[in-house]
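Undergrad: Numbering (UniProt numbering), first residue to last: 1 to 1093.
Beta carbons: idealized from backbone N, C-alpha and C, even for Gly.
If you're wondering where the values come from, they're calculated on a predicted model, not measured in any experiment.
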Amino acid sequence: MTLLRLEFPTLVESRNGEFTLTPLLTEGFIVSRRRYGDALRSYQSSLKKTFDDRRLDRDSVEHLLWLCFQPDYRFELIHLRFKSGMHLVDGLFAVAQYQVREHRYLCLPKLNYQTLLIPDDVETRPQLIEFLAGRIGVYIRSQRKADESFDIKRLYSQAGDSATTIGVSVNVEQSDFPFEQSAASLFSFFSASREFSGAYELKKTAEDLAQFYPDDLEGSLHRESETVWLERALFSGKPQPVVIVGAPGVGKSNLIQHTLAQYMANSDVKAPERLQKLWLLDPLRVIAGMSVVGEWERRFEAILSWVKKRLQETYGIRTPDVLYIDNPVALFRIGKSSQTSLTLSHVLKPYLERREIGLVLEATPYEWRRIQQLDRGFADLFQVLRLEPLPAEKLSQIYVRRRAQWEREYNCEIASQALLTLLGLEPGFRGDSALPGSVLSVLRDIAVKHQGRRADEQAVYEAFQTNFHFRKTLIDKNATLQENEVRRFFEQRLVGQPQAQDVLTDTVMTIKAQLTPLGKPLNTLLFIGPTGVGKTEAAKLLTQRLFNNSDCLVRIDLNEFVDAGAVHRLIGDGMGQGGLLTERVRYQKACVLLLDEIEKAHPKVHDLLLQLLDDGRLTDAMGKTTDFTQTVVIMTSNIGAKEAASRFGFSHHSDDNAATYRKSVEQFFRPEMINRINDIVVFNPLQHSDMQRLAQLHMQRLLERDGFIRRSTILNIDPACLNRLADASFDPLLGARALKRNLERVITHLTAQRLAELDSLDPIMLTLFDGPHSVDSRITRFRHQSVIAGALPRPEQDYTLPDYQRMVAALQALDERLHQPQSLLHPGRDYEDYWRWHLSDALRELLEPLQTYTWESEERSRTQRLQANMPFRTSARPRDGWRSIRLDFSALAAQNDLRDYLNGLYQKAEDFVDYNMGDCLQLGVDFSFVLFIAHSYLNRGLDQGCLVIRSLVTEKGQMGVRFLTNAYEQALGRLGEVQDSRISDDCVALALRGPGLQRYFSYEQGVHLFIEESNLQVPVTVAFYPGLSAEEGRLRRLEQDHQGDLDILRLYTTPTATQREFGVTDLRTGLMLNGSPMLADWRLLISPACKGD
1 MTLLRLEFPT LVESRNGEFT LTPLLTEGFI VSRRRYGDAL RSYQSSLKKT FDDRRLDRDS
61 VEHLLWLCFQ PDYRFELIHL RFKSGMHLVD GLFAVAQYQV REHRYLCLPK LNYQTLLIPD
121 DVETRPQLIE FLAGRIGVYI RSQRKADESF DIKRLYSQAG DSATTIGVSV NVEQSDFPFE
181 QSAASLFSFF SASREFSGAY ELKKTAEDLA QFYPDDLEGS LHRESETVWL ERALFSGKPQ
241 PVVIVGAPGV GKSNLIQHTL AQYMANSDVK APERLQKLWL LDPLRVIAGM SVVGEWERRF
301 EAILSWVKKR LQETYGIRTP DVLYIDNPVA LFRIGKSSQT SLTLSHVLKP YLERREIGLV
361 LEATPYEWRR IQQLDRGFAD LFQVLRLEPL PAEKLSQIYV RRRAQWEREY NCEIASQALL
421 TLLGLEPGFR GDSALPGSVL SVLRDIAVKH QGRRADEQAV YEAFQTNFHF RKTLIDKNAT
481 LQENEVRRFF EQRLVGQPQA QDVLTDTVMT IKAQLTPLGK PLNTLLFIGP TGVGKTEAAK
541 LLTQRLFNNS DCLVRIDLNE FVDAGAVHRL IGDGMGQGGL LTERVRYQKA CVLLLDEIEK
601 AHPKVHDLLL QLLDDGRLTD AMGKTTDFTQ TVVIMTSNIG AKEAASRFGF SHHSDDNAAT
661 YRKSVEQFFR PEMINRINDI VVFNPLQHSD MQRLAQLHMQ RLLERDGFIR RSTILNIDPA
721 CLNRLADASF DPLLGARALK RNLERVITHL TAQRLAELDS LDPIMLTLFD GPHSVDSRIT
781 RFRHQSVIAG ALPRPEQDYT LPDYQRMVAA LQALDERLHQ PQSLLHPGRD YEDYWRWHLS
841 DALRELLEPL QTYTWESEER SRTQRLQANM PFRTSARPRD GWRSIRLDFS ALAAQNDLRD
901 YLNGLYQKAE DFVDYNMGDC LQLGVDFSFV LFIAHSYLNR GLDQGCLVIR SLVTEKGQMG
961 VRFLTNAYEQ ALGRLGEVQD SRISDDCVAL ALRGPGLQRY FSYEQGVHLF IEESNLQVPV
1021 TVAFYPGLSA EEGRLRRLEQ DHQGDLDILR LYTTPTATQR EFGVTDLRTG LMLNGSPMLA
1081 DWRLLISPAC KGD
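#1: Let me confirm a value: Asp627 is counted as buried when at least 16 other C-beta atoms fall within 10 Å, else exposed. Which label applies?
#2: Classify Asn716 as helix, strand or coil using the three-state DSSP reduction.
#3: Helix, strand or coil for Phe212, going by three-state DSSP, please let me know.
#4: Using the DSSP secondary-structure output, state which residues sit across from Arg33 in a beta bridge.
#5: Pick from Pro320, Arg386 and Trp855: whose alpha carbon is nearest that of Leu356?
#6: Looking at Gly578: is its Cβ nearer than 8 angstroms to the Cβ of Asp551?
#7: Just to confirm, are Phe29 and Ser46 a CB contact at a threshold of 8 angstroms?
#8: I need the straight-line Cα distance from Ala659 to Gln667, nearest angstrom please.
#9: Name the DSSP bridge partner or partners of Asn523?
#10: With DSSP as the reference, please indicate the residues paired to Tyr107 in a beta bridge.
#11: Let me know if Ser823 comes out buried or exposed under the rule of 16 or more other beta-carbons within 10 Å of its beta-carbon.
#12: Between the Cα of Leu558 and the Cα atoms of Arg81, Met635 and Phe527, which residue gives the shortest distance?
#13: Return the chain-ordered list of same chain residues with a C-beta closer than 6 angstroms to the C-beta of Leu481, the five sequence neighbours on each side being excluded.
#14: If you follow the beta strand (DSSP E) that Ile325 is in, where does it begin and where does it stop?
#15: Within 10 angstroms of its Cβ, does Asn939 collect 16 or more other Cβ (buried), or is it exposed?
#16: Which of helix, strand or coil does DSSP assign to Arg1010?
#17: Looking at the unbroken alpha helix (DSSP H) that takes in Ile571, where does it start and where does it end?
#18: Give me the Cβ distance between Val360 and Tyr324, rounded to the nearest whole Å; I'm assuming they're in contact under 8 angstroms.
#19: Quick one: measure Cβ to Cβ for Leu234 and Val242, integer angstroms, because I've assumed they're closer than 8 angstroms.
#20: Below 8 angstroms on the Cβ atoms is my contact criterion, and I expect Glu18 with Arg34 to pass it. Report the Cβ-Cβ distance as a whole number of Å.
#21: Which residue comes first and which comes last in the beta strand (DSSP E) that contains Met622?
#22: Just to check my reading of the structure: Phe527 and Phe683 have Cβ atoms closer than 8 angstroms, yes? What is that Cβ distance to the nearest angstrom?
#23: Determine the direct distance from the alpha carbon of Leu618 to that of Gly534, and round the result to whole angstroms.
#24: Rounded to a whole number of angstroms, what is the C-alpha to C-alpha distance between Ile556 and Leu522?
#25: Apart from the five residues just before and just after Thr1017, which ones in its own chain have a Cβ nearer than 8 angstroms to its Cβ?
#26: Where do the N-terminal and C-terminal ends of the beta strand (DSSP E) with Gln979 fall, by residue?
#27: What does the alpha-carbon distance come out to for the pair Phe187 and Ser338?
#28: Under 8 angstroms: do the region 223 to 239 and the region 199 to 206 share three or more Cβ pairs, one atom per stretch?
#29: Checking the sheet assignment: what are the DSSP bridge partners for Glu7?
#30: Between which residues of its own chain and Gln1005 is the CB-CB distance below 7 angstroms, once the five residues before and five after are set aside?
#31: Go to Leu556, then tell me how far its beta strand (DSSP E) extends in each direction, as first and last residue.
#32: Pull up the DSSP beta-bridge partners for Leu613, would you.
#33: Pop quiz: Ala379 and Val245 are said to be a contact at Cβ under 8 angstroms. What is the actual Cβ separation, rounded to whole angstroms?
#34: Taking buried to mean at least 16 other C-beta atoms within 10 Å of its own C-beta, is Thr1069 buried or exposed?
#35: Whole angstroms are fine: how far does the CA of Ala934 sit from the CA of Leu814?
#36: In this structure, does DSSP put Gly219 in helix, strand or coil?
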C-alpha cells in the first residue's frame, strides 16, 4: 500500500448559510455544511474514502486518475448576457480554464461539467466570451427541449463563489492488472491463506480521530491536570497502556479527545500525517466477515503491525500510533468459539507487554473490575486514571459554556428557564450516568432540534418525552395529577381487583412525586392469582397510564427460560449475540418490564433478577451495562392458585385468600427475593357480577381491529344483550379468557359478513341487541356531509353607507307590516298579538342602533365631505378563532385519534375572516336571522312541533345531549317557546312553538358526532316533528333510530383536562372553532337555514 499526497481542484459555493464543496473539473460527490471547517473535513473524508474503498485495478484506474487530474488552471466568474430563444440569460458563470500540451480547455462545472476545446482562432477575451455564450446557449436549448420547466438560474454562480485546491493524504493499494498476473495468483483462489493490508484493515475497523481536529474534537473543562498526565502517557514517544475509569457521562471520552487536540495544538510538526494518530477501534468490526479459522487473528495482527510501524515506514519516525477502545470487555469475548478460546486480548497482550503500541481504554468501574477478574495479568499492564465527578460550581460553568457554544453552533437560543428545568428534571432520570454527561446529552439534543428557533422549558419536556416516553403530566412539575383521576382510570378498566387498583394508583402517584428509590427500579411488584383474572392486563394498563407508547411494555415469558442456559439468552453469550432482556431494555430505557410466570424460570434466572432488583442495572456478556432504574418490574405467578381453589373454593373471604397465596410465595421464593419485592398483589377470582363490565371492555378492544378502525366503528350494546353474553361466558376456572373467546366468536360471526358487504369506509355504528333466540346485530352507516359552496359568504370589505341604508329600509318595511291591524295578518288568532310585539322588539334591537349609526354617518358625510364607511360595531360578535378548514373525508374516516387530527387541522388552517371583518360578518348574520324570523311569521304564522335530541349509544352521550339542548335554547333566544318537555339522561324531547321552527331545525336534522375523552365517539341525533307533542316526538324518534343511513353534520370535541371548552367542526360550512360557541356563533353556524326569505 502506497501513501500519496494528492491535490484536488474544488469549487466552493456559499448558499443560504451553508458552504458547498464539489470537485471542479470532474463530476463527483457534493458536501454541504453550515461551517466551512466542517464542510472541508467532510469533503476530505469523502475523498479519502473514495480511495480507501477501492484498489487500483483495471476497473477503477480511469475514475481515480480523473479525480487526481490537477492541471494548472485559472478560475474566474464570467458575466454573460445574451438571448437564448425567447429567454434572457443574464448571470455569472463559473469557468475553469487550463491547457494540456498545445490545447486550451474550458470546464463549466455548473453545466454538468461540460468541457470545451477552445478553437485556435479564439485569441482575444471578446472572442472567448462570444464562443462561451454560443456553447452555453446550445446547452440551454438542449435542456429546454428535454424539459420545458428547466430553470436557467440553476446554472448561475454567485459573486462569492471560488475555487481552491484541497490536499489529502490517501493510501492506495495496487492490485495486479490482467497482464501482471502470475500463475500462482491464478490459483490463489484455492488457497486458504488470505493476506491482509494493515493500513486498509485499520481504516475499515477504526476511525482516525485526528481528522476531526480542531473543531470537531470535544473539549474537557476543568480537567487540566488529567489532560497533562494523559498526554504525557500517550504521546511522549514511549508507549504506555492507560485505562480511564469513571461512571458513564463523567467525561472519559471528552478527556481523551481533548488530550488529542492539545497534543496536536502543542506540536511543532506542521504536517498532521507526521504526528501520532489516535485510532478508535471497534472490536466487533475486527471479526466482521471473518469466516475461516485463523482469519481474524491474521487481520488483527496486520492492524497492530501497521499501528506499530506506520510512522516508521512512511516518515522514518520510530513512534507508534495509539489505539483507543471504548468497549474493553469485548476484548475478552470476541474471537472465542467452540473450536478455540483465543480472544482479541490474547493477540493484543504481547504488544502491550513489549510496549510496541499505545493503548487507551475507557471503562466504568464495573467493567474494570470485570476485566481484572477475567485476566489479572492483562489489567496489571495498565496505568489507571480514575475520573471523579466535578464539584457543583464547576459543573455550572460547564453547562453555561456548552449552552453558549451550541447556541452559536446551531443558531438557536436556549432560555435560562429551560436550563433550570433541565437541571431540575435530570436527577430523576440519571440512572447510572454521571454529571455532566447526563445533562449535556439532553441539552445538545434540544439545541439540534431547535436550530434557528428558541427553546423554552416546553422543549425540555419534549426531549425527556422523546427519550423516555413518559406522559407529560408525569414529568412536568407545573402539571397537576389528581389521585382520584388516576384511580378512576384503573377502576374503569381493571375489574374486580381493588388491591391492584390501589397499588397501581400509588405507583403512578409516586413516580409523579419523584419519590422512587435511587439506584433501583421505579417499583417492583409480584402479581399472584389464578389464570384469567387480569394480571397481564394490569401491567398493560400501567404502561398505558405511564407512557405514550405501547412499546414501553417489555414482556418476557419466563416459562421459556427453564434450562441452565437461560441466563445466557437473557444477557448474551459473549459470542456476539445480545441478550434478550438487556438488549430490549437498553433500547426501551423507560418501560414496564413484565416477567410472566416467574416461578417456572431456572434458579439462575432468579439469581440474575436479584442483581437487577438490588442494583437497578445488569451487565451483559459483552460488558455493556443496562440501566433498569426507569423500569417498573412486574412479575406474575400462579403460585398458590391450586391450594386456594381446593381449600376455599371461589367465594371465600379475600383475606383468607391472600394469606394462602402469601404462604405459597414464602415457601417457593428465597427470603432475599421476597425482600426485594415492594408489593405482593393478590388477584381475586372473578365473580359473575364482574362479567358485564368485562364484556363492555372486551367489546371496545374488539373494535380496535383493523376492519373496525378503518370504518370508525361505534359500538352500541343493549343492556339485555350484554347480560346474555356475560351469563353465557362465565367460567370461574378460566376467568376473563372464556368471556373474551365467546365474545370474539359471537361478534365476529355477526359482523364479518355485513362489514365485508359494505362498499365504503364511512363510519358505522354496530348495535347489538337481544333477539328472540340469540344475540343479533344491526349496522347503521354514517355519511359525512360535504361542504356547501357559498353557504357562508365571506365579507371582503366593510359595508358602506348605502348598504346600511338598504338594511334600515328593509327593517322599517318589516316593522310596518308587523304593526298592521291584526285582521290583516292572521284573522281570528288572538294570541298572535304577543308574537307580533315580541318580533317587533327583536327587530328594533337591530334597527335602532343601525338607524342611529346611519344618521351619524350621513351627517359626517355632509359636514366633512367624506364618504361614511366606518364599520358598524355589533354588540355581540362571533368569537375570534373561527378558521376555515379543508376536510379530507377519507383521511378523517381512517383516523384513530380524531381529537389530535382535528387539532392539527385547526393549527394549520387560516382565519375565516380578518378580525376587522368580524362585525361585518355578524351584522349580515343578524340581519338575515331577523328577516327570516319576521318573514316566517308574516307568511306562515307560528310553527308547532317537537324537537328531539337523543344519543344513539346506550348510557353514553349525556354531555352531548345537554350541550345541544342549551345551545338551541340559546340560539333561539326569545323567539321560541317551550310548551312541554320529556327529559332523560340520553334523550330530551321539547314541544316548541315559534316562527320558522320547522325550517330552522330541518337544517339541524341529522347526526352530531361528539368525540369524548379517549376518542370515544358518541352520535347524537337531532330531529324535528311538526305538530307532535313531547311524548309523541320521543316515541317517534325511538322508532326511527333503526331506519336507514344517517348524515353527520358536525363534529364536537368535549372538554378534557387539557382542553377546557368544546370544539366545533361544521362539515357543511368548513368552519372550525376551538372553543364553546356563544349566541352569535350559533347564529353564524345556522345562518344558511335563514337564506331565501
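TA: Straight from the coordinates:
#1: Along the sequence shown, read from residue 1 onward, the residue named residue 627 stands at position 627. Its Cβ being crowded by 16 or more others within 10 Å, Asp627 is buried.
#2: The sequence position of residue 716 within the sequence shown is 716, counting from 1. In the structure shown, Asn716 sits in a strand (DSSP, three-state: E or B).
#3: The count along the sequence shown starts at 1 and reaches residue 212 at position 212. In this structure, Phe212 counts as helix in the three-state DSSP scheme.
#4: Along the sequence shown, read from residue 1 onward, the residue named residue 33 stands at position 33. For Arg33, which the question treats as bridged, DSSP gives the partners Phe19.
#5: Residue mapping note: residue 356 aligns to position 356 of the sequence shown, counting from 1. The amino acid at residue 356 is misidentified as Leu; the sequence shows Glu. Here the closest residue by C-alpha is Pro320.
#6: Taking the sequence shown and counting its residues from 1, the one referred to as residue 578 is at position 578. Taking the sequence shown and counting its residues from 1, the one referred to as residue 551 is at position 551. Not closer than 8 angstroms, so no.
#7: Position 29 of the sequence shown, counting from 1, holds the residue named residue 29. Position 46 of the sequence shown, counting from 1, holds the residue named residue 46. Going by C-beta atoms, Phe29 is nearer than 8 angstroms to Ser46.
#8: Sequence index remark: in the sequence shown, residue 659 carries index 659 (1-based). Sequence index remark: in the sequence shown, residue 667 carries index 667 (1-based). One C-alpha to the other measures close to 12 angstroms.
#9: Position 523 of the sequence shown, counted from the start, is the residue given in the question as residue 523. Per DSSP, Val632.
#10: Residue 107 sits at position 107 when you count from the first residue of the sequence shown. Per the sequence shown, residue 107 should be read as Cys rather than Tyr. Its beta-bridge partners are Ala96 and Thr115.
#11: Position 823 of the sequence shown, counted from the start, is the residue given in the question as residue 823. Here the model assigns Ser823 a pLDDT of 43, short of 50, so the residue's position is not dependable and the matter cannot be decided.
#12: By one-based count along the sequence shown, residue 558 stands at place 558. Cα-wise, what sits closest to Leu558 is Met635.
#13: If you number the sequence shown from 1, residue 481 lands on position 481. Closer than 6 angstroms at the Cβ level, and outside the excluded window around Leu481, lie Thr473 and Lys512.
#14: If you number the sequence shown from 1, residue 325 lands on position 325. Counting along the chain, the beta strand (DSSP E) containing Ile325 begins and ends at Val322 to Ile325.
#15: The sequence position of residue 939 within the sequence shown is 939, counting from 1. Answer is exposed; the Cβ neighbour count stays below 16.
#16: Mapped onto the sequence shown, residue 1010 falls at position 1010. The sequence shown places Phe at residue 1010, rather than the Arg named in the question. Strand, per DSSP.
#17: Mapped onto the sequence shown, residue 571 falls at position 571. Start and end: Ala566 to Ile571.
#18: Sequence index remark: in the sequence shown, residue 360 carries index 360 (1-based). Sequence index remark: in the sequence shown, residue 324 carries index 324 (1-based). Contact flag correct, Cβ pair sits at about 5 angstroms.
#19: Sequence index remark: in the sequence shown, residue 234 carries index 234 (1-based). Sequence index remark: in the sequence shown, residue 242 carries index 242 (1-based). So it is a contact: roughly 7 angstroms between Cβ atoms.
#20: In the sequence shown, residue 18 corresponds to position 18, counting from 1. In the sequence shown, residue 34 corresponds to position 34, counting from 1. That pair is a contact at about 6 angstroms.
#21: Looking up residue 622 in the sequence shown gives position 622. Where Met622 is concerned, there is no enclosing beta strand (DSSP E), given that its DSSP letter is neither H nor E.
#22: For the purposes of this step, residue 527 is taken as residue 527 along the sequence shown, with counting starting at 1. For the purposes of this step, residue 683 is taken as residue 683 along the sequence shown, with counting starting at 1. So it is a contact: roughly 6 angstroms between Cβ atoms.
#23: Taking the first residue of the sequence shown as position 1, residue 534 is located at position 534. Taking the first residue of the sequence shown as position 1, residue 618 is located at position 618. If you take the alpha carbons of Gly534 and Leu618, they lie about 29 angstroms apart.
#24: Indexing the sequence shown from 1 puts residue 556 at position 556. Indexing the sequence shown from 1 puts residue 522 at position 522. Taking the straight line from one Cα to the other gives about 18 angstroms.
#25: Position 1017 of the sequence shown, counting from 1, holds the residue named residue 1017. Reading off the sequence shown, one finds Gln at residue 1017, where the question assumed Thr. Same-chain partners within the cutoff: Ser712, Ile714, Pro763, Leu898, Leu1009, Phe1010 and Ile1011.
#26: By 1-based counting over the sequence shown, the position of residue 979 is 979. Start and end: Glu977 to Ile983.
#27: By 1-based counting over the sequence shown, the position of residue 187 is 187. By 1-based counting over the sequence shown, the position of residue 338 is 338. Reliability fails at Phe187, whose pLDDT of 41 lies under 50, so the model's placement of it is uncertain and the value that follows must be treated cautiously. The straight-line gap from Cα to Cα measures roughly 31 angstroms.
#28: no
#29: Within the sequence shown, residue 7 is the residue found at index 7, counting from 1. Paired residue(s): Gly167.
#30: Along the sequence shown, one-based indexing puts residue 1005 at 1005. Around Gln1005: Val1022, Ala1023 and Phe1024.
#31: Numbered from its first residue, the sequence shown carries residue 556 at position 556. Before going further, note that residue 556 is Ile rather than Leu in the sequence given. It spans Leu553 to Asp557 - the beta strand (DSSP E) in which Ile556 sits, taken as one unbroken run.
#32: To locate residue 613, count along the sequence shown from 1; it is residue 613. Bridge partners of Leu613: none, in fact.
#33: On the sequence shown, position 379 is the one that residue 379 refers to. On the sequence shown, position 245 is the one that residue 245 refers to. That belief does not hold up - the Cβ atoms of Ala379 and Val245 are roughly 11 angstroms apart, past 8 angstroms.
#34: Position 1069 of the sequence shown, counted from the first residue, corresponds to residue 1069. With 16 or more other Cβ atoms within 10 Å, it is buried.
#35: Reading the sequence shown from its first residue, position 814 is the one you call residue 814. Reading the sequence shown from its first residue, position 934 is the one you call residue 934. Distance between the alpha carbons of Leu814 and Ala934: 7 angstroms.
#36: For this step, residue 219 is matched to residue 219 along the sequence shown. Coil, per DSSP.
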